[in-house]
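J.: In my numbering, the protein residues as written are -4 to 222.
So this is what it looks like as structure tokens:
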């Protein structure tokens, strides 16, 4: 009887540990198609659709539609604004239809003939199921849910050849939520190669200020059409 109990405890413990590993460590794929076009002098428009997976690429995480308009102030500074729709498949259960906007200020500078540094400051705000807000004006019983983030990213680009632009980036996220003090909640790192038609990179994300920080490694591939 004792042996049977020990076996049951061992199996149960193994399942708990494996479940915990799945929760805090994961792998996924981000795949997308992007369209870029110069619309006016010093202005460029980007339209992109993207699919993101998790749980070792076996489950759908997000479906994204994104648009961005960038204005080149001069050789060193860019200003941009974006709007994003996110079909968010929650990892526990349920689906959210979220909308996010962002405002970017980017500084860029050449360090050498082939090496360039970029720094981007981004402010973004995301609204959860904003279509429900319509009911708020009539019933006054729908809670508006949203969050804001400030993101700081530094990126190095090395033009290895005409076909390969190798890059590495580091980004830290500071989250602002209702009824909570702002805090740094995530870092994101990329190492990749931007070619004429494809942008391929390995990404790494890690939660901050969490008792059980979540780590996520993913392969990102974006096919780009330019006009």
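All C-beta atoms, glycine included, are put in the ideal place defined by N, C-alpha and C.
Between residue 28 and the rest of its own chain, which residues show a CB-CB distance below 6 Å, the 5 nearest in sequence each way excluded?
T.: 44 and 218
J.: Per DSSP, residue 107 is paired with what?
T.: Per DSSP, residue 107 has no beta bridge partner at all.
J.: Pull up the CB-CB distance for residue 200 and residue 193, whole angstroms please, since I reckon it's below 8 Å.
T.: So it is not a contact: roughly 22 Å between Cβ atoms.
J.: Does the segment 107 to 126 come close enough to the segment 56 to 70 that 3 or more CB-CB pairs lie under 8 Å?
T.: no
J.: What residues in its chain sit with their C-beta under 6 Å from that of residue 155, if we drop five residues either side in the sequence?
T.: Excluding positions up to five away in sequence, the list reads 161.
J.: Apart from the five residues on each side of it in sequence, which residues of its chain come closer than 6 Å, Cβ to Cβ, to residue 42?
T.: 30 and 62
J.: May I ask you to report which of helix, strand or coil DSSP gives residue 125?
T.: helix
J.: Use the C-beta contact count for residue 175: other C-beta atoms within 10 angstroms, 16 or more gives buried, fewer gives exposed.
T.: exposed
J.: In its own chain, which residues sit with a C-beta less than 8 Å from the C-beta of residue 178, not counting the 5 before and 5 after it?
T.: 169, 170, 203 and 204
J.: Among residues of its own chain, excluding the 5 on either side of residue 208, which ones have a beta-carbon nearer than 8 Å to its beta-carbon?
T.: 19, 201 and 202
J.: What does residue 56 pair with, by DSSP beta-bridge criteria?
T.: None; residue 56 has no bridge partner.
J.: Locate the beta strand (DSSP E) running through residue 185, then write down its first and last residues.
T.: 175 to 189
J.: Starting from the Cα of residue 158, find the closest Cα among 180, 198, 191 and 181 and give me that residue.
T.: 191
J.: Roughly how many whole angstroms lie between the Cα atoms of residue 88 and residue 121?
T.: Cα-Cα distance, rounded: 20 Å.
J.: Going by C-alpha to C-alpha distance, which of 198, 189, 90 and 104 sits closest to residue 181?
T.: 198
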